[in-house]
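Numbered by our numbering, the letters in the sequence shown go through residues 2 to 249 in order.
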Amino acid sequence: MIIEDFKLRRTIRKYKNDQIPEKMLNELLEVAFRASTTGNMQLYSVIVTRDEENKKKLAPAHFNQPTVTTAPVVLTFCADFNRFIKWCELRKAQHGYDNFQSFYTATIDALLVAQQFCTAAELCGLGICYLGTTTYNAPMIIEALNLPKFVVPVTTVTVGYPAEIPAQVDRLPAEALIHDEQYKDYTSEDIDRIYAEKESLPESKKYITENNKETLAQVFTDVRYPKANNEHFSDIFLKIIREQGFQF
């Protein structure tokens with residue numbers, strides 16, 4: 002039954018005004034903290050934002066998406082080596098965690114916790130929305146949340162009781178994503194077959210027409226995620242990661 006429910010899951014961006022009980026939220030976070038973690042180091046922190054004014058401070062970093070200010074709770078999941086490094090220093094242990102490997106390890110830890118929280122929250126009737134904008138404007142989030150050295154925001158989740166149940170968005174067929182034993186590269190015929198349903202959706206054709214493009218792929222490459230934007234935000238994110246203490 003649970004498996005079937007998850008096959009029907011969808012992202013929720015509009016929430017009721019009902020607040021999430023603090024006890025419930027804390028229990029969900031405790032469940033999340035049981036997620037797998039590298040070396041049992043728990044290299045993450047979660048900033049819980051409930052205050053309306055503080056949500057407004059975060060909103061510009063997420064391009065003022067309404068879900069940030071209307072959600073009862075905004076959770077910012079951070080890669081955090083600050084706590085572990087301080088523990089090492091106080092215990093006369095010389096650390097070597099100011100590098101790319103350490104940053105990436107902490108990022109994985111943070112994302113595992115974020116997903117476990119989302120799974121638990123949805124099982125309890127809550128709705129969630131991941132915000133991919135976190136890494137675009139990390140410097141703004143670091144300032145708004147007063148994040149110290151060796152702490153970098155990697156994803157944000159809004160959470161609340163769903164005000165509506167939107168249509169489920171499309172997904173590629175499982176065959177597109179599963180490779181048995183070894184990676185099997187895609188032929189042009191494979192690509193045509195895998196993307197056929199996505200490209201034939203009415204909303205996909207609408208995106209193509211609205212943006213005056215020839216193909217759906219061009220909507221992604223030229224409009225939604227163009228090279229110039231990717232390079233711009235890459236530069237910003239790499240710079241702030243270094244400023245936060247990770248040198249690579």
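Built from N, CA and C at the ideal position, the CB exists for glycine as well.
Small disclaimer: the values here were computed from a predicted structure and weren't measured.
Per DSSP, cross-strand counterpart(s) of residue i
i    : result
G40  : Bridge partners of G40: none, in fact.
Y45  : A80
T157 : T77, L132
V220 : In the DSSP output, where bridge partners are listed per residue, V220 has none listed.
Alpha-carbon to alpha-carbon, residue j and residue i
i    : j    : result
K57  : P73  : 12 Å
N41  : D81  : 13 Å
V114 : Q43  : 9 Å
D186 : I195 : 13 Å
A36  : A122 : 14 Å
C89  : L127 : 38 Å
I1   : P227 : Past the edges of the chain, shown from 2 to 249, lies residue 1, and the structure says nothing about it.
L91  : D99  : 17 Å
Option nearest residue i by Cα separation, candidates the options
i    : options                : result
F234 : F85, N100, N138, N83   : N138
V153 : A60, T38, V47, G97     : V47
T38  : H180, L112, A60, F78   : L112
F34  : A60, K24, Y45          : Y45
R11  : R243, E232, P167, Q116 : P167
Q20  : R51, A229, E5          : R51
N55  : K214, Q169, I142, P203 : I142
Beta-carbon proximity of residue i to residue j, cut-off 8 Å
i    : j    : result
L178 : K199 : no
T268 : C125 : Because residue 268 is not part of the residues shown, which for the chain are 2 to 249, the question remains open.
T134 : T77  : no
A164 : K8   : no
K150 : Q248 : no
I242 : P140 : no
H96  : I86  : yes
A145 : A62  : yes
beta-carbon residue i near the ligand ADP non-hydrogen atom, thresh 7 Å
i    : result
T136 : Among the components modelled here there is no ligand, and therefore nothing to report on the ligand ADP.
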